[in-house]
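Asks:
2 protein chains.
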Amino acid sequence: MTEPREKKPSRIQQRNRGKILDAALHVFSQHGYRGATLDQIAEAAGISKPNILYYFNGKEDIHVTLLSQLMETWLDPLIDMNPDGDPLTELLGYVQRKLDMSRDFPRESRLFANEILQGAPRMSPHLEAALKPLFEEKCALIQTWIDAGQLAPVSPAHLIFSIWATTQHYADFDAQVQVLLDGPDYKGAEEYLVRLYTDVLAPKS
Amino acid sequence: MTEPREKKPSRIQQRNRGKILDAALHVFSQHGYRGATLDQIAEAAGISKPNILYYFNGKEDIHVTLLSQLMETWLDPLIDMNPDGDPLTELLGYVQRKLDMSRDFPRESRLFANEILQGAPRMSPHLEAALKPLFEEKCALIQTWIDAGQLAPVSPAHLIFSIWATTQHYADFDAQVQVLLDGPDYKGAEEYLVRLYTDVLAPKS
DNA sequence: TCAGAATTTTACCATTTGGTAAAGTAACCC
DNA sequence: GGGTTACTTTACCAAATGGTAAAATTCTGA
Chain A
1 MTEPREKKPS RIQQRNRGKI LDAALHVFSQ HGYRGATLDQ IAEAAGISKP
51 NILYYFNGKE DIHVTLLSQL METWLDPLID MNPDGDPLTE LLGYVQRKLD
101 MSRDFPRESR LFANEILQGA PRMSPHLEAA LKPLFEEKCA LIQTWIDAGQ
151 LAPVSPAHLI FSIWATTQHY ADFDAQVQVL LDGPDYKGAE EYLVRLYTDV
201 LAPKS
Chain B
206 MTEPREKKPS RIQQRNRGKI LDAALHVFSQ HGYRGATLDQ IAEAAGISKP
256 NILYYFNGKE DIHVTLLSQL METWLDPLID MNPDGDPLTE LLGYVQRKLD
306 MSRDFPRESR LFANEILQGA PRMSPHLEAA LKPLFEEKCA LIQTWIDAGQ
356 LAPVSPAHLI FSIWATTQHY ADFDAQVQVL LDGPDYKGAE EYLVRLYTDV
406 LAPKS
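Line by line, the protein sequences are chains A and B.
Read in this note's numbering, the first sequence has 38 at position 38, and its numbers run on one by one without any break.
Count along the second sequence from 1, add 205, and you get the number used in this note's numbering.
Right, here's the structure in full:
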């Protein structure tokens, strides 16, 4: 066994693996998988390259570990959408949580965006296995709300896409937003998005 | 002068530069700047690597050329928004043109997304010089429409962001959309987005 | 305290990558 | 046709990159 993490990870293991993953998140989210180098990650983590390879089986192993961890964080806000709550409140809450994540975890958002942009080569299994069932479940839920007349009739799938797009935009396209607004404006974004989704979702007459 | 394109480009020049740029668009849009290699571009173009370096000064030169060309294409739909037209019609037309571009030029969209995602290192001058003035002009235009009571009062800047985000999503996150919808659905996207922006922009009472 | 396990460092290596020099081939113009 | 210019190929190279072997060091529990 050259694998040090078969059994219980020691204190040192946890600390160093954590440092490496944090550094890798930083580098991968900025340059994408192929653009990131182990040397960059090593320097950002303050750990030598061979030492990094003591904790992970290789570059890809680090990336995959990161993506797996990310998937959970990523799905949480959607999972939290409560079937028994008020539909409009639940959807606006989801928008709010996604926007908060863009503000608080922009690196995670960009890591994800990078992976999807490049065709999700290391993530499509996860998308199929974890995201898709949840997506379909929530689409069905939204459809029942629509059928019950509690929401205006719009395509649940495209509604979710637009929520993802509009909220993640502030993390993924931050460089552009910075240039155009001379700084971030999450307050303005929140106000606008609440308005946008309230208007389209409120049932008409 | 080792630069062959100082004067009028010959037929061969135009053809080969075109082939190289097309191949480079393909590769850069898929892997990002640092993830793309000259060998990949050479193979995709059907031109040997040294020959590519006869036409361009280096990898960065190709990338910059591509981004400059792209900027024009990219701004066109926004430029076409007519101050003298009907506000809602103009904005919905803009949404439509952007969505068409996502469908017809997904590689261009992803090239742009890659560059912004990585902090726009080679593009922020262009953003400042070309995009920002246009953005501010159109924000002002939308504001006059709002002030005239022809549109509901929403932040013009965030409105434009959301139009970008929702339309480009279908090109940039295509891999995800494919998984979740089992194929593209530009028809559904169009219908949804028209609805979304009609509802938020129509002046109330 | 001390043997064995866990961790870290040093010294490498093979491949890939952006790029160049120079010789060869094709095109053009008189 | 021949000289000049434009283009293409061949043969390289230095640096960067992912990864390894093995020695050296630090930790840990009996």
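The beta carbon of each residue, even a glycine, is placed where N, CA and C say it ideally should be.
So does the segment 246-260 of chain B actually touch the segment 214-230 of chain B, counting three or more Cβ pairs closer than 8 angstroms?
Replies: yes
Asks: Looking only at its own chain, which residues have a Cβ that is under 7 angstroms from the Cβ of A/S102, when we skip the five neighbours before and after it?
Replies: If you number the first sequence from 1, residue 102 of chain A lands on position 102. Around A/S102: S109, T167, Q168, Y170 and A171.
Asks: Taking Cβ-Cβ distances shorter than 9 angstroms, what residues in chain B pair up with A/K132?
Replies: Here residue 132 of chain A is taken as the residue at index 132 of the first sequence, counted from 1. Residues of chain B whose Cβ lies closer than 9 angstroms to the Cβ of A/K132 are, in chain order, V384 and L385.
Asks: Give the secondary structure of B/P255 by DSSP, where H, G and I count as helix, E and B as strand, and everything else as coil.
Replies: Residue numbering aside, residue 255 of chain B sits at position 50 when the second sequence is read from its first letter. B/P255 falls in the helix class under three-state DSSP.
Asks: Since B/L398 contacts B/V269 with CB under 8 angstroms, what's their CB separation in whole angstroms?
Replies: Start at 1 with the first residue of the second sequence, and residue 398 of chain B comes out as number 193. Start at 1 with the first residue of the second sequence, and residue 269 of chain B comes out as number 64. Not quite, the Cβ-Cβ distance comes to about 32 angstroms (not below 8 angstroms), so this is no contact.
Asks: When you compare the CB positions of B/L364 and B/L280, do they come within less than 8 angstroms of one another, or not?
Replies: As a first step, residue 364 of chain B must be located in the second sequence, where it is residue number 159. As a first step, residue 280 of chain B must be located in the second sequence, where it is residue number 75. Not closer than 8 angstroms, so no.
Asks: Just the chain A side, please: which residues come within less than 7 angstroms of B/Q301 by C-beta, in chain order?
Replies: Your numbering for residue 301 of chain B matches position 96 in the second sequence. Neighbourhood of B/Q301 in chain A, by CB distance below 7 angstroms: empty, with the nearest CB roughly 15 angstroms away.
Asks: So A/L180 and B/A362 are in contact, right, with Cβ under 8 angstroms, and what is the actual spacing, rounded?
Replies: Here residue 180 of chain A is taken as the residue at index 180 of the first sequence, counted from 1. Here residue 362 of chain B is taken as the residue at index 157 of the second sequence, counted from 1. That pair is a contact at about 7 angstroms.
Asks: Looking at chain A, is there any beta carbon in it that lies within less than 8 angstroms of the beta carbon of B/L304?
Replies: Within the second sequence, the letter at position 99 stands for residue 304 of chain B. B/L304 does not count as touching chain A.
Asks: Give the DSSP-derived three-state secondary structure of A/D100 in the structure shown.
Replies: Locating residue 100 of chain A in the first sequence gives position 100, where the first residue counts as 1. Three-state DSSP puts A/D100 in a helix.
Asks: Contact check, A/A120 vs A/L111 under 8 angstroms by CB: the rounded distance?
Replies: The count along the first sequence starts at 1 and reaches residue 120 of chain A at position 120. The count along the first sequence starts at 1 and reaches residue 111 of chain A at position 111. Not a contact, Cβ separation roughly 12 angstroms.
Asks: Quick check: is the beta carbon of B/A334 nearer than 8 angstroms to any beta carbon in chain A?
Replies: Against the second sequence, residue 334 of chain B aligns to sequence position 129. Chain A, which has no Cβ nearer than 8 angstroms to the Cβ of B/A334, makes this no.
Asks: Would B/L322 and A/A113 be called neighbours here (beta carbons separated by less than 8 angstroms)?
Replies: Along the second sequence, read from residue 1 onward, the residue named residue 322 of chain B stands at position 117. Along the first sequence, read from residue 1 onward, the residue named residue 113 of chain A stands at position 113. Cβ distance < 8 angstroms, so B/L322 and A/A113 count as in contact.
Asks: Alpha carbons only, please: which of B/G237, B/S329 and B/R222 is nearest the one belonging to B/M276?
Replies: In the second sequence, counting from the first residue as 1, residue 276 of chain B sits at position 71. Nearest option by C-alpha distance: B/S329.
Asks: Using a 10 Å radius around the Cβ and a threshold of 16 neighbouring Cβ atoms, would you call A/P83 buried or exposed?
Replies: If you number the first sequence from 1, residue 83 of chain A lands on position 83. By the 10 Å Cβ count, A/P83 comes out exposed.
Asks: Could you tell me the distance, in whole angstroms, from the CA atom of B/R400 to the CA atom of A/Q143?
Replies: Start at 1 with the first residue of the second sequence, and residue 400 of chain B comes out as number 195. Start at 1 with the first residue of the first sequence, and residue 143 of chain A comes out as number 143. Those two C-alpha atoms are separated by around 17 angstroms.
Asks: Straight-line CA distance for A/P184 to B/G298?
Replies: Residue mapping note: residue 184 of chain A aligns to position 184 of the first sequence, counting from 1. Residue mapping note: residue 298 of chain B aligns to position 93 of the second sequence, counting from 1. Approximately 28 angstroms, taken between the alpha carbons.
Asks: Which runs of the beta strand (DSSP E), 3 residues or longer, sit entirely within the segment 358-392 of chain B?
Replies: Qualifying beta strand (DSSP E) stretches: none in this window.
Asks: Mind checking which residues open and close the alpha helix (DSSP H) that includes A/Q143?
Replies: Residue mapping note: residue 143 of chain A aligns to position 143 of the first sequence, counting from 1. For A/Q143, the uninterrupted alpha helix (DSSP H) segment begins and ends at K132 to D147.
Asks: Just how far apart, CA to CA, sit A/F28 and B/G263?
Replies: For the purposes of this step, residue 28 of chain A is taken as the residue at position 28 of the first sequence. For the purposes of this step, residue 263 of chain B is taken as the residue at position 58 of the second sequence. The alpha-carbon atoms of A/F28 and B/G263 are separated by roughly 24 angstroms.
Asks: For A/G18, is the classification buried or exposed, using 16 other Cβ atoms within 10 angstroms of its Cβ as the cut-off for buried?
Replies: Along the first sequence, one-based indexing puts residue 18 of chain A at 18. That one is exposed.
Asks: Are A/G149 and A/P87 closer than 8 angstroms when you measure CB to CB?
Replies: For the purposes of this step, residue 149 of chain A is taken as the residue at position 149 of the first sequence. For the purposes of this step, residue 87 of chain A is taken as the residue at position 87 of the first sequence. Cβ distance not < 8 angstroms, so A/G149 and A/P87 don't count as in contact.
Asks: Let me know if B/A394 comes out buried or exposed under the rule of 16 or more other beta-carbons within 10 Å of its beta-carbon.
Replies: For this step, residue 394 of chain B is matched to residue 189 along the second sequence. Around the CB of B/A394, 16 or more other CB atoms lie within 10 Å, so the residue is classed as buried.
Asks: Measure from the C-beta of B/L280 to each C-beta in chain A and report whether the shortest distance is under 8 angstroms.
Replies: Looking up residue 280 of chain B in the second sequence gives position 75. Chain A has no Cβ within less than 8 angstroms of the Cβ of B/L280.
Asks: For B/D285, name the three-state secondary structure that DSSP assigns.
Replies: Start at 1 with the first residue of the second sequence, and residue 285 of chain B comes out as number 80. In this structure, B/D285 counts as coil in the three-state DSSP scheme.
Asks: Do B/G240 and A/G32 have their beta-carbon atoms positioned less than 8 angstroms apart in this structure?
Replies: By one-based count along the first sequence, residue 32 of chain A stands at place 32. By one-based count along the second sequence, residue 240 of chain B stands at place 35. Cβ atoms of A/G32 and B/G240: closer than 8 angstroms.
Asks: Could you check where the alpha helix (DSSP H) with B/F233 kicks off and where it finishes?
Replies: Counting from 1 along the second sequence, the entry for residue 233 of chain B is found at position 28. For B/F233, the enclosing alpha helix (DSSP H) begins and ends at R216 to G240.
Asks: For the alpha helix (DSSP H) containing A/R107, name the first residue and the last one.
Replies: Looking up residue 107 of chain A in the first sequence gives position 107. Counting along the chain, the alpha helix (DSSP H) containing A/R107 begins and ends at P106 to L117.
Asks: From the beta carbon of A/V64, is the nearest beta carbon of chain B less than 8 angstroms away?
Replies: Your numbering for residue 64 of chain A matches position 64 in the first sequence. So no, A/V64 is outside the interface.
Asks: Who are the neighbours of A/D172 on chain B, taking C-beta pairs under 7 angstroms?
Replies: Looking up residue 172 of chain A in the first sequence gives position 172. Chain B residues near A/D172: L322.
Asks: By Cβ distance below 7 angstroms, which residues in the same chain neighbour B/P358 in space, the five residues on each side in sequence not counted?
Replies: Walking along the second sequence from the start, residue 358 of chain B turns up at place 153. Here the set comprises I351.
Asks: Check the Cβ-Cβ distances between B/V232 and every residue of chain A, and say whether any is below 8 angstroms.
Replies: Reading the second sequence from its first residue, position 27 is the one you call residue 232 of chain B. No, its Cβ sits nowhere closer than 8 angstroms to a Cβ of chain A.
Asks: Give the residues of chain B in contact with A/R107, contact being defined as C-beta atoms less than 9 angstroms apart.
Replies: As a position in the first sequence, residue 107 of chain A is number 107, starting the count at 1. Contacts between A/R107 and chain B, judged by CB atoms closer than 9 angstroms, are missing: the closest CB pair is about 11 angstroms apart.
Asks: Exposed or buried, B/D404, counting other C-beta atoms within 10 Å across all chains shown (16 or more means buried)?
Replies: Position 199 of the second sequence, counting from 1, holds the residue named residue 404 of chain B. Classification of B/D404: buried, given that the 10 Å Cβ count is 16 or more.
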